[in-house]
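Enquirer: One point on numbering: in the working numbering, the residue at position 247 of the sequence shown is 303, and numbering is uninterrupted.
Shown below is the structure under consideration.
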Amino acid sequence: MQIGYATRKAGGAAVQKRFLGLLVLFMVIGFVFSSAEVSADTEFDFYYQCIEKVVQINNPEPKGWWEKTKALVKSGVNTVKRTWESTVTRNYALGEGSKRWYSDEDHDIAYDVKRVKVKNEKHLLELMGVADESKMTDGQKALLAVYRHSTSQNIKDRMKYSFRNKINVILSDTTGFDNPADYPHVTRDFWPYSSGATIQMSSGRYNWPGSEDTARSTFVHEFAHSFDRTIKEFIKPYGKDGSHFANELTRPRTAFVEGWAQFNEMLDSSDKVRQINNTITWVKIEDKNKAGTYTNVEPDTLTGKELLSVEGINAVILHRIATEVPDGKDKVFSAFTSTSWKLFRSLKTITSQLCKKNPDNIAAIARIIDEQTLGKLSDNEFKEYIGSSDAAKEFLKNRGNATEEAVEAGSGEVKATLKYPWQIDVKTDGSSPFGVK
């Protein structure tokens, strides 16, 4: 039974681990406080890059004191170069021509890539070396789908929430280097991510038939990261292994950052709604001592606060508010943008703002939170999420335990036979608050 799906170092988590990430952090903080207005003119600059060759940049097995000394010195030099390239160059100064892309998985190798700014769709096809779409690999078709989706109405409607004037998008074509037996690190070294200023998508991640929808959804996910200023917890935000699952217990700010991105995916896809709802039937807890070792537990074994540190539960709460509360989508995005200056925010930042600005909706918002946390929040804990207004106090006075009865969700009816109120087991019409199925 599939209980989750993993995401590798999403939202630039790998970047944050390096010391120059602090420099970028200070730059971001300065930018945040120097830009009070939200831009409605965000543009994408697309860059196509293909791997030319894999380069051995250090001796992986030095022998003798002299070789080991040279390898140690070279390792230090490469660390500086790799940190600068992965933190600064590929995110803020892409440029065109031959470039070096350092491996994060194997510090003894790097990739020489050729990078070209994309002029239009015809130019992209030319760069891929194909005359028409029928000649493309599945991964290349996915990159083309992402390029086209960037001009869709769904993406355009989100532009008004972005504070950035421009976002770079790197389309990494790994064709010819996708055989894991020959190139074991390519898929992870070119894993999709957003650093904020730059989004990177790769063909190897989507090199299977019919992957276009998944690629478009991931692009929405990364775009949502790009206009989110929230700073995750500094120490191991994704746990010991640096990866995360939709149903993994992490930290409050991290769960919100990833939940926000997944919520944006859910707005565009009924399949994603069903997937996330069913994924959080179980919660994954990583072993604190052994990276990548997980225990699966039932949600009702956790506290309410712990449940709200699961990104999938954050996503479902946001989606239910957006689809069940009148004008919910606009209200959620309004709460998101009006609190964007709060760099260390979590879900309670958004819901408390929602309740403050929409007192008539407090009962509906609180009911959703109560159901998704199985009634496990204490009244005092609940006040952190809905405030202490008269309407909030009235809800708390009358609140009941989490229900196992049928509830009517914006994505479809949740059957009474299902154990948890968020499980989805029905067909929906596929409609999206952003207008696209």
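Glycine residues also receive a C-beta, built at the ideal position from the N, C-alpha and C atoms.
1) Do the CB positions of residue 380 and residue 424 come within less than 8 Å of each other?
2) Leaving out the 5 sequence neighbours to the left and right, which residues in its chain are closer than 7 Å to residue 443 when beta-carbon positions are compared?
3) With respect to the beta strand (DSSP E) encompassing residue 201, which residues constitute its N-terminal and C-terminal limits?
4) Run through DSSP, which three-state label would residue 73 get?
5) Could you tell me if residue 382 is buried or exposed, where buried requires 16 or more neighbouring beta carbons within 10 angstroms of its beta carbon?
6) Using a Cβ-Cβ cutoff of less than 7 Å, which residues in the same chain neighbour residue 306 once the five nearest sequence positions on both sides are dropped?
7) Taking C-beta to C-beta, are residue 160 and residue 142 nearer than 8 Å?
8) Report the residue ranges of all alpha helix (DSSP H) runs contained in full by the segment 325-362; include only those spanning at least 4 residues, in chain order.
9) Suppose you measure from the CA of residue 186 to the CA of residue 163; what does that come to, to the nearest Å?
10) Less than 8 Å between the C-beta atoms of residue 370 and residue 311, yes or no?
11) So, for residue 455: in the same chain, excluding its five sequence neighbours on each side, which residues have a beta-carbon less than 7 Å away from its beta-carbon?
12) Decide if residue 190 is buried, meaning its Cβ has at least 16 other Cβ atoms within 10 Å, or exposed.
13) Counting C-beta neighbours from all protein chains within 10 Å, is the total for residue 278 16 or more, i.e. buried, or is it exposed?
14) Just verifying my parser: in three-state terms, what is the DSSP assignment at residue 299?
15) Does DSSP put residue 279 in a helix, in a strand, or in coil?
16) Output needed for residue 268: all residues of its chain with C-beta closer than 7 Å, excluding positions within five of it in sequence on either side, in chain order.
17) Would you check if the segment 123-137 and the segment 250-260 touch, i.e. whether three or more CB-CB distances between them fall below 8 Å?
18) Is the segment 335-342 in contact with the segment 394-406, if contact means three or more CB pairs nearer than 8 Å?
19) Just tell me which of 263, 147 and 276 has its CA closest to the CA of residue 209.
20) Quick check on residue 429: does DSSP put it in helix, strand or coil?
21) Where does residue 304 sit, in a helix, a strand or coil, going by DSSP?
22) Where residue 308 and residue 260 are concerned, what is the direct C-alpha to C-alpha distance, given to the nearest angstrom?
23) Mind checking residue 288: buried by the 16 CB within 10 Å criterion, or exposed?
24) Would you mind reading off the limits of the beta strand (DSSP E) that contains residue 226?
25) Buried or exposed for residue 291, going by 16 or more other Cβ atoms inside 10 Å?
26) Could you tell me which whole alpha helix (DSSP H) segments of length 4 or greater appear in the segment 371-416?
27) Once you ignore the five residues that flank residue 389 on each side, which residues in its own chain have a CB closer than 6 Å to its CB?
28) Tell me whether the beta-carbon of residue 226 lies closer than 8 Å to the beta-carbon of residue 100.
29) Can you tell me which of the three DSSP states residue 445 falls into?
30) Select from 313, 318 and 238 the residue whose C-alpha is nearest the C-alpha of residue 273.
31) Identify whether residue 130 lies in helix, strand or coil by the three-state DSSP scheme.
Expert: On the basis of the data shown:
1) Translated into the one-based positions of the sequence shown, residue 380 becomes position 324. Translated into the one-based positions of the sequence shown, residue 424 becomes position 368. Residue 424 is positioned such that its CB atom lies closer than 8 Å to that of residue 380.
2) One-based indexing of the sequence shown puts residue 443 at position 387. So the qualifying residues of the chain are 408, 411 and 412.
3) As a working mapping, residue 201 is identified with position 145 in the sequence shown. Element bounds for residue 201: not the beta strand (DSSP E) but the alpha helix (DSSP H), 194-205.
4) Taking the sequence shown and counting its residues from 1, one reaches residue 73 at position 17. Residue placement at residue 73 cannot be trusted, given a pLDDT of 43 that sits under 50; the coordinates are not used to answer.
5) Taking the sequence shown and counting its residues from 1, one reaches residue 382 at position 326. Looking at its Cβ environment, which holds fewer than 16 other Cβ atoms inside 10 Å, residue 382 is exposed.
6) Within the sequence shown, residue 306 is the residue found at index 250, counting from 1. Cβ-Cβ distances below 7 Å link residue 306 to 293, 294, 295, 300, 365 and 367 in the same chain, with the five nearest sequence neighbours on each side left out; the list follows chain order.
7) On the sequence shown, residue 160 is found 104 positions in, with the first residue counted as 1. On the sequence shown, residue 142 is found 86 positions in, with the first residue counted as 1. Yes, these two residues count as a Cβ contact at 8 Å.
8) Complete alpha helix (DSSP H) runs here, min 4: 326-335.
9) Numbered from its first residue, the sequence shown carries residue 186 at position 130. Numbered from its first residue, the sequence shown carries residue 163 at position 107. Residue 186 and residue 163 have their C-alpha atoms some 33 Å from each other.
10) Residue numbering aside, residue 370 sits at position 314 when the sequence shown is read from its first letter. Residue numbering aside, residue 311 sits at position 255 when the sequence shown is read from its first letter. A Cβ-Cβ contact shorter than 8 Å links residue 370 with residue 311.
11) Taking the first residue of the sequence shown as position 1, residue 455 is located at position 399. Beyond the five residues adjoining it in sequence on each side, residue 455 comes within less than 7 Å, by CB distance, of 426 in the same chain, given in chain order.
12) Working through the sequence shown from its first residue, we reach residue 190 at position 134. The Cβ neighbour count for residue 190, taken over all protein chains shown within 10 Å, is under 16; the residue is labelled exposed.
13) Your numbering for residue 278 matches position 222 in the sequence shown. Using a 10 angstroms sphere on the CB of residue 278, the tally of other CB atoms reaches 16 or more, which defines it as buried.
14) Along the sequence shown, one-based indexing puts residue 299 at 243. In this structure, DSSP gives residue 299 an extended state, which the three-state scheme calls strand.
15) Taking the first residue of the sequence shown as position 1, residue 279 is located at position 223. Residue 279: helix per DSSP, three-state reduction.
16) The residue labelled residue 268 in the question sits at position 212 within the sequence shown. Cβ neighbours of residue 268 beyond the five flanking positions: 197, 198 and 201.
17) By the Cβ test, the segment 250-260 is not in contact with the segment 123-137, since fewer than three Cβ pairs between them sit closer than 8 Å.
18) No, the segment 335-342 is not in contact with the segment 394-406.
19) Within the sequence shown, numbered from 1, the residue matching residue 209 stands at position 153. Closest option to residue 209, Cα to Cα, is 276.
20) Taking the sequence shown and counting its residues from 1, the one referred to as residue 429 is at position 373. Correct three-state label for residue 429: coil.
21) Sequence index remark: in the sequence shown, residue 304 carries index 248 (1-based). DSSP places residue 304 in strand when its eight states are reduced to three.
22) In the sequence shown, counting from the first residue as 1, residue 308 sits at position 252. In the sequence shown, counting from the first residue as 1, residue 260 sits at position 204. Rounded to whole angstroms, residue 308 to residue 260 spans 32 Å at the Cα level.
23) One-based indexing of the sequence shown puts residue 288 at position 232. Residue 288 is buried by the Cβ-count criterion.
24) The residue you call residue 226 lines up with position 170 of the sequence shown. For residue 226, the uninterrupted beta strand (DSSP E) run begins and ends at 222-229, by DSSP.
25) To locate residue 291, count along the sequence shown from 1; it is residue 235. By the neighbour-count criterion, in which 16 or more other beta carbons inside 10 Å mark a residue as buried, residue 291 falls on the exposed side.
26) 384-394 and 403-413, all fully within the segment 371-416.
27) Counting from one through the sequence shown, the residue named residue 389 turns up at place 333. Cβ neighbours of residue 389 within its own chain (closer than 6 Å, five residues either side excluded): 217.
28) One-based indexing of the sequence shown puts residue 226 at position 170. One-based indexing of the sequence shown puts residue 100 at position 44. No.
29) Locating residue 445 in the sequence shown gives position 389, counting from the first residue. The three-state reading of DSSP puts residue 445 in coil, since its state is none of H, G, I, E or B.
30) Within the sequence shown, residue 273 is the residue found at index 217, counting from 1. Of the candidates 313, 318 and 238, the one whose C-alpha sits nearest the C-alpha of residue 273 is 318.
31) Start at 1 with the first residue of the sequence shown, and residue 130 comes out as number 74. Judged by DSSP in its simplified three-state form, residue 130 adopts helix.
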